[in-house]
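Have a look at the structure below before the remarks.
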Amino acid sequence: MDKVKEKIITVTSNKGGTGKTTVSLCLALYFSCKKNRKTLLLEMDSSPGDFTVLFDADDDNSIEIALKFPSKLANYAKNVGNNLDIIKGFSNPLSAEEVKTDEINNLLSTALKKYEIIIVDTQNVLNGSIVDVLKITDYVFLISDLEIESLYRNLEFINLLKSKFLLHHDNFYFLINKKRFIDIFKIMDISKVITLPIMGFISFERNFNKSLVMKNKNKFLKTRTFINMSKILEGFYLKNIV
C-alpha cells in the first residue's frame, strides 16, 4: 500500500437503496484511519444527500462553494477526523445541472494536490456532473444488491455510459452489497450474467447504522460491514494498485 498514488474512486449505482453512501463511508475510513491516507469524501448527490445530517455540514462546506473557488478548497472542506475531510453535495438538482465540465475538472485536479485519495459518493440519477467525474475517475465501484431488478438496472446503466457517453468500463467493478446466506445460489447465477469483475460481497448487517461514522467511529470500524469492506479492499488493491 505504500506505493499508492493519488486516486479518485467513484461509488455509483443506478438503483437507490443499494448502499452507495455506506460503501463510500467505509472507503473513506479505510483509507484515512487504516492506511493513514489524506482523504477527501466528496458528495455528488443533489437530492440532497446525507452529508448535512451525518457530518453536521452546512452551506460553507458545500460543493457549490468549492466549485466556485477551487483554489480555496481548504477553507470549505470540513475536517471530520484524522486524515479525513468532507464536502457535502448540491443543494438541489438544478444547481448540479448548471455545473460545467471545466469546473469539475478544476476542482478535482486541485483536490488531488492536497489529498491522496478522493472518494466520490454519487446519486442513482445520472447527471452531467456525475458523467464528468466518471470520465476522469481511476476506479468505479458499481454497487448492487442481489435482486434481479437491481442487477438489470446497473447493467443497463453501464450500457448507457458506453453507448451515449463513450465511457470505457475497464475500470468498473461490481460490488455486491447486503448478501445473505440464502443468496449463495443467486451468486452462482449472476456470475454467468455479469461480464464485469465482481470485486467482492458485503454481508447483510441488520443493525448497521451509518450515523456511527460520527457518533461512534470506533464502533463503526468494528461493524461487520466495515470489516467486510476492508478485506475486499486489501485484496483488490494488492492486485490493482502499483
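Going by my numbering, the sequence shown opens with residue 837, and the numbers climb by one from there.
Beta carbons: idealized from backbone N, C-alpha and C, even for Gly.
Inset, instruction - Have a look at residue 893 and residue 913 and give me their C-alpha separation to the nearest angstrom. - result: 9 angstroms
Legend entry - Which of helix, strand or coil DSSP assigns to residue 1062: helix
Legend entry - Beta-ladder partner(s) of residue 1012, from DSSP: 980, 1037
Legend entry - residue 887 classed as buried or exposed, judged by whether at least 16 other C-beta atoms fall within 10 angstroms: buried
Legend entry - Between the CA atoms of residue 1046 and residue 941 - distance to the nearest angstrom: 30 angstroms
Inset, instruction - Alpha carbon to alpha carbon, how far is residue 918 from residue 869? Give it in angstroms, no decimals. - result: 7 angstroms
Legend entry - Close Cβ partners of residue 1061 (< 7 angstroms) along its chain, the five nearest in sequence each way excluded: 858, 862, 1038, 1041, 1044
Inset, instruction - Kindly identify the DSSP beta-bridge partner or partners of residue 915. - result: 921
Legend entry - Residue nearest to residue 1032 in terms of C-alpha spacing, selected from 1065, 872, 987: 987
Inset, instruction - Determine the burial state of residue 854: buried for a count of at least 16 other Cβ atoms within 10 Å of its Cβ, exposed for fewer. - result: buried
Legend entry - N-terminal and C-terminal residue of the alpha helix (DSSP H) that residue 901 is part of: 899–904
Inset, instruction - List the endpoints of the continuous alpha helix (DSSP H) containing residue 937. - result: 937–950
Inset, instruction - With DSSP as the reference, please indicate the residues paired to residue 880 in a beta bridge. - result: 958
Legend entry - Extent of the continuous alpha helix (DSSP H) run through residue 845: Segment 843–848 is the beta strand (DSSP E) holding residue 845; no alpha helix (DSSP H) there.
Legend entry - Supposed contact pair residue 932 and residue 882 - C-beta distance, whole angstroms, cut 8 angstroms: 4 angstroms
Inset, instruction - Just grab the DSSP bridge partners of residue 875 for me. - result: 920, 953
Legend entry - Those residues which DSSP pairs with residue 975 across a bridge: 845
Legend entry - Inter-residue spacing [alpha-carbon to alpha-carbon] between residue 900 and residue 964: 15 angstroms
Legend entry - Rounded C-alpha distance that separates residue 1054 from residue 910: 26 angstroms
Legend entry - Delimiting residues of the alpha helix (DSSP H) encompassing residue 860: 856–865
Inset, instruction - Indicate whether residue 1035 and residue 1001 have their beta-carbon atoms separated by less than 8 angstroms. - result: no
Inset, instruction - Assign residue 1018 to one of three DSSP states: helix, strand, or coil. - result: With a pLDDT of 48 at residue 1018, under the threshold of 50, the modelled position of this residue cannot be trusted, and the question is left open.
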